[in-house]
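Keeping their order, the protein sequence lines are chains A and B. Just so we're aligned, residue 1462 is where the first sequence starts under our numbering, counting upward by one. Just so we're aligned, residue 1462 is where the second sequence starts under our numbering, counting upward by one. Single-structure report; data block below.
There are 2 protein chains.
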Amino acid sequence: MYKKRFDLKYMLNPRSVAIIGASSSPNKVGHVILQNYIDAGFPGKLYPVNTKEDAILGLKVYKSVLNIKDGVDLAVIAVPAEIVPKVLEECGKAHVKSVIVVSGGFAEMGRADLQDKIISIATKYGIAMLGPNCLGVMDPRSRVDTLFLPTYKLSKPKIGSVSFVSQSGAVGSTVLDLIAKEGFGLSKFISYGNAAVVDEVDILKYLGDDEDTKVIIMYIEGVKRGKEFIEIGKEVTKKKPVIVLKGGVTEQSASAVHSHTASLSGSFAAYQAVFRQFGFIVADDLSDLLNYAKAFSTEHMPKGNRVAIVTNGGGAGVLETDEIFLNNLTLAEFDKTTLENLRKNLPVIVAVRNPLDLVGDADDKRYETALQAISKDPNVDMIIAIVLFQTPGADSKVVSTLIHYKNITDIPIAALSPGADYTSVHKMMMENSGIPVYDSPAAVAKSFAKLLEHSRYLKDNGKE
Amino acid sequence: MYKKRFDLKYMLNPRSVAIIGASSSPNKVGHVILQNYIDAGFPGKLYPVNTKEDAILGLKVYKSVLNIKDGVDLAVIAVPAEIVPKVLEECGKAHVKSVIVVSGGFAEMGRADLQDKIISIATKYGIAMLGPNCLGVMDPRSRVDTLFLPTYKLSKPKIGSVSFVSQSGAVGSTVLDLIAKEGFGLSKFISYGNAAVVDEVDILKYLGDDEDTKVIIMYIEGVKRGKEFIEIGKEVTKKKPVIVLKGGVTEQSASAVHSHTASLSGSFAAYQAVFRQFGFIVADDLSDLLNYAKAFSTEHMPKGNRVAIVTNGGGAGVLETDEIFLNNLTLAEFDKTTLENLRKNLPVIVAVRNPLDLVGDADDKRYETALQAISKDPNVDMIIAIVLFQTPGADSKVVSTLIHYKNITDIPIAALSPGADYTSVHKMMMENSGIPVYDSPAAVAKSFAKLLEHSRYLKDNGKE
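And the structure:
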């Protein structure tokens, strides 16, 4: 059992936040962060700290965190690297409970000395310090947001169940933007940069215990405390899926990793074997990270590998069938009752088999008939509904039918709906109602294969 | 040398079109097709044919194609299957040059007899007949459009250089919709369904000779005349890239193929080996088809496998480096002049190496400096510009810089820019100016690997 070092609740759900380096100049990081807190409607207390100004954005400014009389749960430090040790020392003296250092200019820039200095200060005072060289945190529930990026460039995710941990700030902001395009929403975002004090182990422990987090996705470049990471990972992966994208998997990219977040990236083969063994779900590409998160966020797990495909496009059914088998899944053999129901209730132009091609003019009634029978079939473990919205009969009534069956069955249901504008609108309706929607046959099959892999891992470990 | 059986120019660039089964009822296929021709501003003559009506959409109606006195280049047949033989016979007698049968209800529905009947009629009169059971053709240049799908559901591609051939109608309409989202545009779309007379061999020959077509992408489920397909393929692949997505690659999906377009899908391993040998570019997934088309549509081919990566996100550079090596490409070693230029002109926070991390606040000037040096480096065969638009400095000026260097160099340049709304707008600017933009590190690396594979094929065959 891993022993917790820090409680990150003060960082992610603070009652009071000091912004050290707050500024009235709109281009300064300290200004953007303060503005973010205000814009998000942060319900706690806000203390701008700046040695030279008196009021910023209508708020009283403090010369030092030491001047704030009430306790400070979180201090966000956005001052030049050279000044960070001084203000961090003040945070320690002021009994600030947690600190996020967003400033760069430490180990990643060859200043390991400066990083060592802040580590020793944080350690002396027992401060949970995130960063340096990071974007900090975002939590749409507690309205905490330390991201200092232009808000018009970055769509912000709605409240949801997926937490995202990123060593890299830029990958972090990009994935946040991508999450905003998806329907599953965000629980917590934590960008931890150089991991000088708080690292992936502390974060994994916190999110493992966090009730609002149902799925954890991580972008990591290196793990400093490998043994502890596995120890805590073993616990967490049995409670909730942990999907990991590892940067620096090839020998050649290892040096790029080092200059980026000053991490040492070990052999990928070793990582991957260990990750798999302890139930982590390994993503091979950025797109996988999102695709898998989408599938797992439904919290419906398959009992076996038998897939039913319902489609309004024969060719798409063929391509999906290919991908099913290429990903070691198989097609369900419909049972007698299902076959009888389908034969009785579908028009004669529909050949009753799996994949079930409802033909190009299929409407909601045909999907209704198909899903009613298939969702009750004991031989079906997963359902892929292919809805090509370019066809005459596919509209929001089909969406409504899919949502209905998604709500009344425990079988995982995913949709495949590639397309442009008309499709995007309908895709969003489904995603917002908890149906993961994919753009390519391979993406659905790979995601379902991961669900099955994880379902077997849980079973082997006596869960579910 | 393959001998041409038909000239498809009458189908794709007709001076006169008869729509047999035209109707004044808006829900009828024959109405939608006629309306499409009118909406597209088709410059030739239009003849609605219907036994019961006098005028449709303001046009005089003919009882039979035999009543049309001037010649007919193309007849689109949209009447019930049982009546097709009769109207096809009339087309033969009227010396109609080409016919598209959009109607279904033939071999794919167990009516091989009816299909044989129309084959023998078409053969008797030497008619180039496309279909049955197909969507027909679209050519934004000649304004031919036989698609009978609701126009509001399907974004239509602009004029471009990529021709798309699809056995499946639904896959066809979906990919058309996806092409409309991309910047490369469409030359011709041909959906050939059951391939009763005109088949993939005739189409490949035609598009191989078509000057407006620079890239051919195909979705096929089976090839009827394998020997001829390879014979013509050998010629065409040396002139322009032919990207093939094959449905029914697993044993298990073969029967789904048969009930869909009545094709026999052979062993994939055999297909794939042959495809590769004769220079076809094999796509493994629907998304590959678009990703590869995008890369090839620039018509810039790499001379070697050495990739330069310029990025404003360190983590994204790491992930791209991984994918470069996983796809058997390598990182370029910048030459002395490049290194000197970069060291002299970039701020000290940028570590001069490949991948070149311009750091999170990079603006157009930094990209300018980087691309100016790198695009002239003799050690660089391909450039990947990663632009994460979530960061402060990335805006349309960076887009403008990329377009400038894309215009003055022969080196293939691709961009990696995953993101939501703000990113999408900038992505479209780049695509419209001929820079392929991708959503994931793997997609870029796979596409560049295909460019290189094809460039080597051309070299081995004495081309370029």
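Quick reminder that beta carbons are idealized off the backbone N, C-alpha and C, glycines included.
Asked, Found
"Any C-beta of chain B under 9 angstroms from that of Tyr1883 (chain A)", "yes"
"Helix, strand or coil at Tyr1653 (chain B) [DSSP, three-state]", "coil"
"Contact residues within the region 1680-1694 of chain A, judged by C-beta distance below 9 angstroms to chain B", "Tyr1680 and Glu1682"
"Straight-line Cα distance separating Tyr1508 (chain A) from Lys1521 (chain A)", "7 angstroms"
"Rounded distance between the beta-carbons of Met1762 (chain A) and Pro1873 (chain A), thought under 8 angstroms", "7 angstroms"
"Backbone secondary structure at Met1762 (chain B) - three-state DSSP", "coil"
"Short CB-CB distance (under 9 angstroms) between Met1891 (chain B) and chain A", "no"
"First and last residue of the uninterrupted alpha helix (DSSP H) at Lys1888 (chain B)", "Asp1882 to Asn1893"
"Member of A:Gly1532, A:Tyr1883 and A:Leu1803 whose CA lies at the smallest distance from the CA of Thr1635 (chain B)", "A:Tyr1883"
"Whole-angstrom distance between Asp1660 (chain A) and Glu1784 (chain B), CA atom to CA atom", "26 angstroms"
"Of the residues B:Ala1777, B:Ile1651 and B:Ile1835, the one placed nearest Arg1804 (chain B), counting alpha carbons only", "B:Ile1835"
"Within-9 angstroms CB hit, Val1779 (chain A) to chain B", "yes"
"Simplified DSSP state of Asp1606 (chain B), which is helix, strand or coil", "strand"
"Environment of Ser1627 (chain A) [buried if 16+ CB atoms lie within 10 Å]", "buried"
"Outcome for His1887 (chain A) when other beta-carbon atoms lying within 10 angstroms are tallied against a minimum of 16", "buried"
"Thr1584 (chain B) classed as buried or exposed, judged by whether at least 16 other C-beta atoms fall within 10 angstroms", "exposed"
"Element boundaries [beta strand (DSSP E), containing Tyr1508 (chain B)]", "Lys1506 to Val1510"
"Meets three-Cβ-pair contact criterion under 8 angstroms: the region 1905-1925 of chain B and the region 1662-1680 of chain B", "no"
"Reduced DSSP secondary structure (H/G/I, E/B, other) of Lys1911 (chain B)", "helix"
"Where Lys1907 (chain B) falls, given that 16 or more other Cβ within 10 Å makes a residue buried", "buried"
"Nonlocal neighbours in the same chain, by C-beta distance under 7 angstroms from Val1860 (chain B), ignoring five residues either side", "His1887, Met1890 and Met1891"
"Cutoff 6 angstroms; reference Tyr1828 (chain A); Cβ partners in own chain excluding five residues on either side", "Val1859 and Thr1862"
"Proximity of Pro1816 (chain A) and Thr1772 (chain A) at Cβ, strictly below 9 angstroms", "yes"
"Proximity of Val1540 (chain B) and Val1478 (chain B) at Cβ, strictly below 9 angstroms", "no"
"Beta-carbon separation (whole angstroms), Asp1663 (chain B) vs Ser1748 (chain A), contact threshold 8 angstroms", "About 37 angstroms separates the two Cβ atoms, so there is no contact after all."
"Range covered by the beta strand (DSSP E) that runs through Phe1690 (chain A)", "Premise fails: Phe1690 (chain A) lies in the alpha helix (DSSP H), Gly1687 to Lys1700, not in any beta strand (DSSP E)."
"Range of the contiguous alpha helix (DSSP H) that encloses Lys1578 (chain B)", "Ala1573 to Tyr1586"
"Residue-chain proximity (Met1570 (chain B), chain A), Cβ-Cβ < 9 angstroms", "yes"
"Tyr1613 (chain B) classed as buried or exposed, judged by whether at least 16 other C-beta atoms fall within 10 angstroms", "exposed"
"Local conformation of Arg1804 (chain B) per DSSP, three classes", "helix"
"Cβ contact (3+ pairs, closer than 8 angstroms) linking the region 1696-1705 of chain A and the region 1736-1744 of chain A", "yes"
"Test: Ile1451 (chain A) CB closer than 9 angstroms to a CB of chain B", "Residue 1451 (chain A) lies beyond the stretch modelled for chain A, which goes from 1462 to 1925, so this question has no answer here."
"Chain-order list of residues whose beta-carbon lies under 8 angstroms from that of His1789 (chain B) (same chain, five-residue window excluded)", "Note on residue identity: the sequence assigns Asn, not His, to residue 1789 (chain B). So the list reads Asn1766 and Ala1910, once near-sequence residues are dropped."
"Own chain partners of Gly1821 (chain A) with C-beta closer than 7 angstroms, once the 5 adjacent residues on each side are dropped", "Asn1773, Gly1774 and Thr1852"
"For Val1703 (chain A), the residue or residues it bridges with in DSSP", "A:Ile1677"
"Partners in chain A for Leu1800 (chain B), counting only beta-carbon separations shorter than 9 angstroms", "None at all; the shortest Cβ gap to chain A is about 15 angstroms."
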